[in-house]
Amino acid sequence: MERELYLNPKELKRYKIGTGIGRFFTYLYVIIMAVFIVVPFLWMIFSSLKPTEEIISREITFLPRTWAWSNYSKLFTGIQSIDPYGQPYYSFKPIPFHWMFFNTIVVGFFTTAGTVVTTILAAFAFSRLNFKGRETLFTILLATMMIPGEVFVITNYMTLSRYTGWIKSANHLENYAALIFPFITSVFYTFFLRQTFKQIPNELYLAAKVDGTSDFKYLMKVMIPLSQATITTIIILSMIGTWNAYIWPSFVTNSIYTEQLLVSNGLMAGLRGASETTGPNSVLNLQLAASTMVTVPLLIIFFSFKKYILRGVSRSGIKG
Amino acid sequence: MLEYKKDGWKAALCLAPSLLLMCVFTFWPIINSFIMSFLNNYHFALNREDVYNTFMGVEKSYTYIMGGRFTGIGIQNFITLFRDKDFLMALKNTAFIVFISVPATVIIALLIAVGLNSIKAFRGFFQTIFFLPYVTNTIALGLVFNSLFHVDYGLVNKLFNLVGTSWINSGATWGRAMFVLFIYSIWDGLAFKIIVFLSGLQNIDKQYYQAAQIDATPRWRVFTRITVPLLSPMILYITITSFMGAFKVYSSVIGIFGTGRYGPVGNEKLLITIVGYVYEQFGVQGMPFGVGSAGSTVLFLIILLITLVQMQVSKKWVHY
Amino acid sequence: MEKEKEEVFETPSEGSKTEHQSVDVRLENLTKEFTDKTGKVTVAVNDFNVTIPAGKLIGLLGPSGCGKSTTLYLIAGLLKPTSGRIYFGDEDVTDIPPEKRGIGLVFQNYALYPHMTVKQNILFPLENMKMPKDEALALAQEMAELVHIGDLMERKPNQLSGGQQQRVAIARALVKKPRVLLLDEPLSNLDARLRLQTREEIRRIQRETGITTIFVTHDQEEAMSISDEIVVMNQGLKQQMDRPQAVYEEPVNMFVAKFLGNPPINIFEANLVKGRLVLKDGEVIADGFDQPDQEVFVGLRPEYLRVSRNGKFTATIDLVEHIGRDTMILCEIKGYDHLIRAIVPNDTEYEVGQTIKLDCSKLFVFNAETGERYK
Chain Y
19 MERELYLNPK ELKRYKIGTG IGRFFTYLYV IIMAVFIVVP FLWMIFSSLK
69 PTEEIISREI TFLPRTWAWS NYSKLFTGIQ SIDPYGQPYY SFKPIPFHWM
119 FFNTIVVGFF TTAGTVVTTI LAAFAFSRLN FKGRETLFTI LLATMMIPGE
169 VFVITNYMTL SRYTGWIKSA NHLENYAALI FPFITSVFYT FFLRQTFKQI
219 PNELYLAAKV DGTSDFKYLM KVMIPLSQAT ITTIIILSMI GTWNAYIWPS
269 FVTNSIYTEQ LLVSNGLMAG LRGASETTGP NSVLNLQLAA STMVTVPLLI
319 IFFSFKKYIL RGVSRSGIKG
Chain C
264 MLEYKKDGWK AALCLAPSLL LMCVFTFWPI INSFIMSFLN NYHFALNRED
314 VYNTFMGVEK SYTYIMGGRF TGIGIQNFIT LFRDKDFLMA LKNTAFIVFI
364 SVPATVIIAL LIAVGLNSIK AFRGFFQTIF FLPYVTNTIA LGLVFNSLFH
414 VDYGLVNKLF NLVGTSWINS GATWGRAMFV LFIYSIWDGL AFKIIVFLSG
464 LQNIDKQYYQ AAQIDATPRW RVFTRITVPL LSPMILYITI TSFMGAFKVY
514 SSVIGIFGTG RYGPVGNEKL LITIVGYVYE QFGVQGMPFG VGSAGSTVLF
564 LIILLITLVQ MQVSKKWVHY
Chain U
20 MEKEKEEVFE TPSEGSKTEH QSVDVRLENL TKEFTDKTGK VTVAVNDFNV
70 TIPAGKLIGL LGPSGCGKST TLYLIAGLLK PTSGRIYFGD EDVTDIPPEK
120 RGIGLVFQNY ALYPHMTVKQ NILFPLENMK MPKDEALALA QEMAELVHIG
170 DLMERKPNQL SGGQQQRVAI ARALVKKPRV LLLDEPLSNL DARLRLQTRE
220 EIRRIQRETG ITTIFVTHDQ EEAMSISDEI VVMNQGLKQQ MDRPQAVYEE
270 PVNMFVAKFL GNPPINIFEA NLVKGRLVLK DGEVIADGFD QPDQEVFVGL
320 RPEYLRVSRN GKFTATIDLV EHIGRDTMIL CEIKGYDHLI RAIVPNDTEY
370 EVGQTIKLDC SKLFVFNAET GERYK
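Line order of the protein sequences matches chains Y, C and U.
Take any residue in the first sequence, note its place counting from 1, add 18, and you have its number in our numbering.
Take any residue in the second sequence, note its place counting from 1, add 263, and you have its number in our numbering.
Take any residue in the third sequence, note its place counting from 1, add 19, and you have its number in our numbering.
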């Protein structure tokens with residue numbers, strides 16, 4: 019049996035160096051991975067500001083040599099050329115960012131509002147009310163989270179097109195309806211909020227009962243204020259969800275009606291075929307400028323509400 | 264709650280909004296989708312006239328249901344499904360993403376989380392950086408990766424002197440396109456996992472580490488014998504949810520290659536995924552939702568199977 | 020340095036229980052300061068000097084926040100001192116990391132790895148020492164027998180009671196034959212009945228192994244009952260170190276006197292006038308003091324008071340408590356607001372309102388400002 023205890027300075031030094039090396043490699047690994055994460059962002063932002071000549075040239079430039087701020091205005095005005103017949107046409111159509119942002123905010127607002135209301139009520143029922151079949155029902159709801167999304171997309175498409183005229187409607191409001199209704203409730207957020215509600219001690223409820231408070235009042239005056247953090251997180255995540263939504267809107271909105279597009283769909287429609295453009299016609303920088311336009315609001319939200327988002331995500335993992 | 268009370272009607276009231284919506288947009292789709300996968304030759308039409316006009320004068324007899332018509336009940340859809348080489352391609356692609364990129368991402372995320380947990384300087388800064396991908400828009404991100412790997416102008420080719428090698432533009436091979444998808448999936452997937460792992464790590468009592476320190480435990484053994492077992496519930500949660508999510512891969516492919524395309528120009532179905540295959544049914548004449556639904560059902564069964572396998576395996580490896 | 024290594028370190032022969040190498044622990048001018056986020060500095064351990072003799076069981080006693088756990092962690096090496104040195108025997112271990120000092124530490128919450136069995140927990144330190152498997156198993160079994168959990172080896176910690184978990188923790192600490200064994204509040208997580216049992220176990224184990232053992236507690240009864248010597252601490256400073264009975268009977272200051280003893284000591288003001296101790300009502304209760312005239316505090320343990328017809332204290336009984344073995348009476352003494360406790364034998368009946376005379380066999384006189392004891 020060998021013991022390296024009670025030792026001399028040489029071994030001690032060796033030990034200390036060993037720890038130092040371990041630390042060094044840890045930092046190195048973390049830094050390399052951080053660079054890996056950051057590079058796409060930086061590439062996106064800086065390349066969006068490069069003039070076309072730099073993009074197509076062979077050399078790598080990190081920061082743009084010339085700052086082509088006009089790339090961003092080109093996003094809005096488009097690029098016009100003259101076709102062989104002397105007629106002007108758009109070789110790059112303007113992307114309706116203002117509509118995209120507006121629509122997304124409106125849809126997001128209503129979806130989130132609806133979600134918050136239904137989720138609060140449902141979470142309250144599952145956490146504080148007694149009724150037969152409560153746990154069974156909840157388990158069934160949880161199980162639906164395992165179902166792949168296209169199951170819902172297909173049937174909801176069918177349902178809405180058969181019973182309403184909202185699918186691919188030219189009417190802006192009807193389009194909103196189609197975008198909003200299927201998403202006014204969410205099992206995931208109900209689960210999340212129920213967790214938070216459960217953590218409010220039962221004694222508060224009993225004390226309120228003794229004072230003659232009705233359940234509903236208890237919900238409004240006690241549970242909701244105490245769960246503010248979670249509700250805020252839900253609101254933020256829901257808004258971000260709408261911002262990033264793509265699949266359902268792409269089926270429900272007719273892309274001809276460009277004023278109806280949401281953020282992701284607008285991007286997709288506007289940049290069709292962009293990566294195939296070559297030479298002086300290359301719009302790669304515009305492609306990245308468009309991505310930046312869409313990403314920057316998200317980054318702003320992220321940095322402002324970092325705490326809530328981080329907490330919400332890590333909380334959802336703890337129970338898991 | 265008060266144990267003796269029966270809140271039946273109150274709960275019904277609270278749950279009504281959620282449940283009503285869910286009946287229409289969640290439960291019904293599940294049932295409908297399941298049924299449709301067994302309706303042979305099920306085709307959907309937008310309105311009655313279309314149904315009448317499209318299928319008038321064809322010999323087979325049809326039954327009309329739910330806005331579409333079908334020829335009989337059976338497993339014809341599944342047979343068509345597995346005979347379709349596009350679906351088999353989709354299976355292969357999806358399998359690759361799930362079984363290779365998910366474990367890779369989980370391991371990398373775990374190492375990053377452990378690394379972050381052990382360093383003191385700049386930890387908050389690194390945390391923010393690693394979380395950035397969580398708030399990115401899938402489509403915008405796809406566009407960024409598209410440009411990063413652009414054949415002539417992308418950063419990757421310029422950096423490694425590979426200009427002319429096509430990753431995502433026309434001429435790209437399956438291997439190279441898949442590689443781009445891997446990098447995308449890993450980049451996108453790290454954020455959530457790191458946050459959950461970090462919060463799990465921070466919940467481990469420091470005393471375990473102190474006890475191990477006193478016993479002169481080398482770092483790697485601390486990791487394998489203490490950290491990982493104590494973190495195993497989190498690891499299980501992450502693995503299960505990541506697998507589930509990875510099976511649904513779709514938006515990322517669309518983001519990289521463009522609407523309706525799962526591959527470079529000239530080979531648009533190269534990286535088609537199961538979900539992509541299902542959605543493709545929307546574009547086919549007559550909307551053969553039967554086959555698409557069959558695809559969804561198959562996907563659901565696969566997810567269910569893999570999840571059950573994981574839960575079984577977890578009994579031995581996960582410690583609570 | 021090599022020479023020291025040979026002197027101090029001796030490979031124990033196989034299977035022998037008693038050949039733990041034990042050393043004395045010497046703390047010299049040990050100071051530990053904590054600076055919190057606002058820049059405020061708290062001195063947890065203040066110029067602490069103590070020598071803990073080899074092979075003895077020493078209790079580190081004090082109220083919460085007095086720095087005793089901090090001191091323990093400094094000895095362990097989990098905290099680095101702000102200044103001062105720590106010696107194990109002749110070896111300066113101040114800069115040596117904990118795993119190289121040869122210590123065993125039993126945490127307050129035991130820190131048993133919940134996912135490993137008892138056997139695996141005990142074996143864990145041995146794995147790090149690269150001991151051959153069968154030797155390690157034999158040693159682990161021996162340790163388990165020593166702490167009387169030999170038949171629980173295959174259980175997981177959550178299947179054990181608190182007392183059993185603690186014994187596992189002790190076994191794990193001892194299995195690498197440390198020079199010094201440290202225990203952080205070993206009895207505070209146990210219920211009252213178990214405490215009695217467990218503290219005797221600790222005493223027995225220490226006697227059998229002969230390791231220098233230091234434990235930390237805030238319960239004076241615990242410390243007094245099993246320690247060879249106790250060190251009383253307050254606010255980072257050493258108050259007194261001696262055998263338990265000595266500290267009890269001859270406290271060096273008012274803090275020590277107040278901290279030890281249950282029911283607590285009676286403290287009241289009096290005056291030293293011309294060498295005589297005078298109560299507020301004028302009674303002279305002692306004389307022969309050298310100190311100048313001043314106000315002082317008098318400490319009187321309840322058991323030092325006796326009912327006597329010639330007693331110097333005139334007391335009116337306020338409350339009578341029968342506590343099984345004895346009777347405790349609370350009295351008012353003329354001239355004082357607060358009540359005095361006395362413990363009296365059961366043979367006499369006392370009534371509330373009765374006036375009696377009390378005599379004391381021993382009292383302590385303390386300086387009113389510093390608390391230091393006179394005579």
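Ideal placement from N, C-alpha and C gives every residue a C-beta, glycine not left out.
- Query: For D3 (chain U) versus R325 (chain U), is the C-beta spacing smaller than 9 angstroms?
  - Reply: Any question about residue 3 (chain U) goes unanswered here, given that chain U covers just 20 to 394.
- Task: State the beta-bridge partners of N386 (chain U) as determined by DSSP.
- Result: On the third sequence, position 367 is the one that residue 386 (chain U) refers to. Beta-bridge pairing links N386 (chain U) to U:V315.
- CB contact check: I122 (chain U) to chain C, cutoff 9 angstroms: Indexing the third sequence from 1 puts residue 122 (chain U) at position 103. Chain C contact via Cβ: present.
- Is L79 (chain U) near V271 (chain U), with beta carbons less than 9 angstroms apart? Taking the first residue of the third sequence as position 1, residue 79 (chain U) is located at position 60. Taking the first residue of the third sequence as position 1, residue 271 (chain U) is located at position 252. In this structure, L79 (chain U) keeps its C-beta atom at 9 angstroms or more from the C-beta atom of V271 (chain U).
- Message: Taking the straight line between their C-alpha atoms, what separation do you get for S179 (chain Y) and I185 (chain Y)?
- Response: Here residue 179 (chain Y) refers to the residue found at position 161 of the first sequence. Here residue 185 (chain Y) refers to the residue found at position 167 of the first sequence. Put simply, the backbone Cα of S179 (chain Y) is about 6 angstroms away from that of I185 (chain Y).
- F142 (chain Y): contacting residues in chain C (beta-carbon distance under 7 angstroms): As a first step, residue 142 (chain Y) must be located in the first sequence, where it is residue number 124. By Cβ distance, chain C contributes C277.
- Secondary structure at C286 (chain C), three-state DSSP: helix, strand or coil? If you number the second sequence from 1, residue 286 (chain C) lands on position 23. If DSSP states are grouped into helix, strand and coil, C286 (chain C) belongs with the helices.
- Query: With a cut-off of 9 angstroms, does the C-beta of P100 (chain U) fall near any C-beta of chain C?
  - Reply: Taking the third sequence and counting its residues from 1, one reaches residue 100 (chain U) at position 81. Chain C, which has no Cβ nearer than 9 angstroms to the Cβ of P100 (chain U), makes this no.
- Query: chain C partners of P151 (chain U), CB-CB under 7 angstroms?
  - Reply: As a first step, residue 151 (chain U) is located in the third sequence; it is residue number 132 there, counting from the start. Counting only Cβ-Cβ distances below 7 angstroms, P151 (chain U) has no contacts in chain C at all, with the closest Cβ about 17 angstroms away.
- Query: With a CB to CB cut of under 7 angstroms and the five nearest residues on each side skipped, what residues in its chain are close to Q544 (chain C)?
  - Reply: Sequence index remark: in the second sequence, residue 544 (chain C) carries index 281 (1-based). M550, P551, F552, V554, G555.
- Task: Please name the residues in the region 464 to 485 of chain C whose beta-carbon is closer than 7 angstroms to at least one beta-carbon of chain Y, in chain order.
- Result: Listed in sequence order: R482.
- Task: Could you tell me whether the Cβ atoms of F287 (chain U) and L338 (chain U) are closer together than 9 angstroms?
- Result: Working through the third sequence from its first residue, we reach residue 287 (chain U) at position 268. Working through the third sequence from its first residue, we reach residue 338 (chain U) at position 319. Using a Cβ distance threshold of 9 angstroms, F287 (chain U) and L338 (chain U) do not count as a contacting pair.
- Message: With a threshold of 9 angstroms between beta-carbons, can L422 (chain C) be considered close to chain U, or not?
- Response: Your numbering for residue 422 (chain C) matches position 159 in the second sequence. By this cut-off, L422 (chain C) is not an interface position.
- chain C partners of R290 (chain Y), CB-CB under 8 angstroms? Translated into the one-based positions of the first sequence, residue 290 (chain Y) becomes position 272. Here the neighbours are G521, T522.
- Task: Could you pull out every residue in the same chain whose Cβ sits closer than 6 angstroms to the Cβ of I359 (chain U), ignoring the five residues on either side in sequence?
- Result: Numbered from 1 along the third sequence, position 340 holds the residue referred to as residue 359 (chain U). Here the set comprises N285, C350, I352.
- Taking C-alpha atoms, which residue in C:F290, C:K532, C:V576 lies nearest to L160 (chain Y)? Within the first sequence, residue 160 (chain Y) is the residue found at index 142, counting from 1. When each option's Cα is compared against that of L160 (chain Y), the closest is C:F290.
- Message: Let me make sure I understand the geometry here. Which of U:D66, U:E52, U:F67 has the alpha-carbon closest to that of V60 (chain U)?
- Response: Within the third sequence, numbered from 1, the residue matching residue 60 (chain U) stands at position 41. It is U:E52 whose Cα lies nearest to the Cα of V60 (chain U).
- Counting pairs of Cβ atoms below 8 angstroms between the region 241 to 250 of chain U and the region 259 to 271 of chain U, do you hit three or more? With the cut-off at 8 angstroms, the region 241 to 250 of chain U and the region 259 to 271 of chain U touch.
- Message: Suppose the cutoff is 6 angstroms on Cβ atoms and the five residues either side in sequence are ignored; what does the same chain contact list for G132 (chain Y) look like?
- Response: In the first sequence, counting from the first residue as 1, residue 132 (chain Y) sits at position 114. Residues I202 of the same chain have their beta carbon placed closer than 6 angstroms to that of G132 (chain Y), with the five preceding and five following residues left out of the count.
- Task: Quick one: list the residues of chain C neighbouring A130 (chain U), beta-carbon separation under 8 angstroms, in chain order.
- Result: Residue mapping note: residue 130 (chain U) aligns to position 111 of the third sequence, counting from 1. Counting only Cβ-Cβ distances below 8 angstroms, A130 (chain U) has contacts in chain C at D468, Q470, Y471, Q473, A474, in chain order.
- Measure from the alpha carbon of R174 (chain U) to the alpha carbon of each residue in U:E110, U:I141, U:L215, then state which is nearest. By one-based count along the third sequence, residue 174 (chain U) stands at place 155. When the alpha-carbon of R174 (chain U) is set against those of U:E110, U:I141, U:L215, the nearest one is in U:I141.
- List the DSSP bridge partners of A305 (chain U). Numbered from 1 along the third sequence, position 286 holds the residue referred to as residue 305 (chain U). As a beta-bridge residue in DSSP terms, A305 (chain U) pairs with U:L296.
- If you measure from the beta carbon of T490 (chain C) to each beta carbon in chain Y, is any gap under 9 angstroms? Indexing the second sequence from 1 puts residue 490 (chain C) at position 227. It does not; no Cβ of chain Y falls within 9 angstroms.
- Message: Which of the three DSSP states is assigned to L201 (chain U) in this structure?
- Response: Residue mapping note: residue 201 (chain U) aligns to position 182 of the third sequence, counting from 1. It is a strand residue.
- Query: With burial defined as no fewer than 16 other Cβ atoms inside 10 Å of the residue's Cβ, what is the status of C286 (chain C): buried or exposed?
  - Reply: Locating residue 286 (chain C) in the second sequence gives position 23, counting from the first residue. Looking at its Cβ environment, which holds fewer than 16 other Cβ atoms inside 10 Å, C286 (chain C) is exposed.
- For I218 (chain Y), does the three-state DSSP call read helix, strand or coil? The residue labelled residue 218 (chain Y) in the question sits at position 200 within the first sequence. I218 (chain Y) falls in the coil class under three-state DSSP.
- Message: In whole angstroms, give me the CA-to-CA distance for L222 (chain Y) and L244 (chain Y).
- Response: As a working mapping, residue 222 (chain Y) is identified with position 204 in the first sequence. As a working mapping, residue 244 (chain Y) is identified with position 226 in the first sequence. So the alpha carbons of these two residues sit roughly 11 angstroms apart.
- Query: Should the region 315 to 332 of chain Y be called in touch with the region 135 to 149 of chain Y, which here means at least 3 C-beta pairs below 8 angstroms?
  - Reply: In this structure the region 315 to 332 of chain Y does not touch the region 135 to 149 of chain Y; the number of beta carbon pairs closer than 8 angstroms is below three.
- Task: With a cut-off of 8 angstroms on the beta carbons, I'd call L379 (chain C) and L494 (chain C) a contact; round off their distance for me.
- Result: Counting from one through the second sequence, the residue named residue 379 (chain C) turns up at place 116. Counting from one through the second sequence, the residue named residue 494 (chain C) turns up at place 231. The pair is not a contact, with the Cβ atoms about 14 angstroms apart (cut-off 8 angstroms).
- Item | Partners in chain U for L493 (chain C), counting only beta-carbon separations shorter than 9 angstroms | By 1-based counting over the second sequence, the position of residue 493 (chain C) is 230. Listed along chain U, the residues sitting closer than 9 angstroms to L493 (chain C) by beta-carbon distance are Y132, P133, H134.
- Message: Looking at the strands, I want to know which residues DSSP matches up with G181 (chain U).
- Response: Residue numbering aside, residue 181 (chain U) sits at position 162 when the third sequence is read from its first letter. Paired residue(s): none; G181 (chain U) is not in a bridge.
- Closest residue to I105 (chain U) among U:L131, U:T70, U:V315, U:T389 (Cα-Cα distance): The residue labelled residue 105 (chain U) in the question sits at position 86 within the third sequence. When the alpha-carbon of I105 (chain U) is set against those of U:L131, U:T70, U:V315, U:T389, the nearest one is in U:T70.
- On the DSSP bridge assignment, give the partners of H357 (chain U) in chain order. Position 338 of the third sequence, counted from the first residue, corresponds to residue 357 (chain U). H357 (chain U) is not bridged to any residue.
- Can you find at least 3 beta carbon pairs, one from the region 345 to 364 of chain C and one from the region 530 to 545 of chain C, that sit closer than 8 angstroms? Counting Cβ pairs under 8 angstroms, three or more are found: they touch.
- Chain-ordered chain A contacts of Y264 (chain Y) [CB-CB under 7 angstroms]: Although the question refers to chain A, the structure presented lacks it and instead comprises the protein chains Y, C and U.
- Taking contact to mean at least 3 C-beta pairs separated by less than 8 angstroms, is the region 194 to 214 of chain Y in contact with the region 158 to 174 of chain Y? In short, these stretches touch, since the Cβ pair count reaches three.
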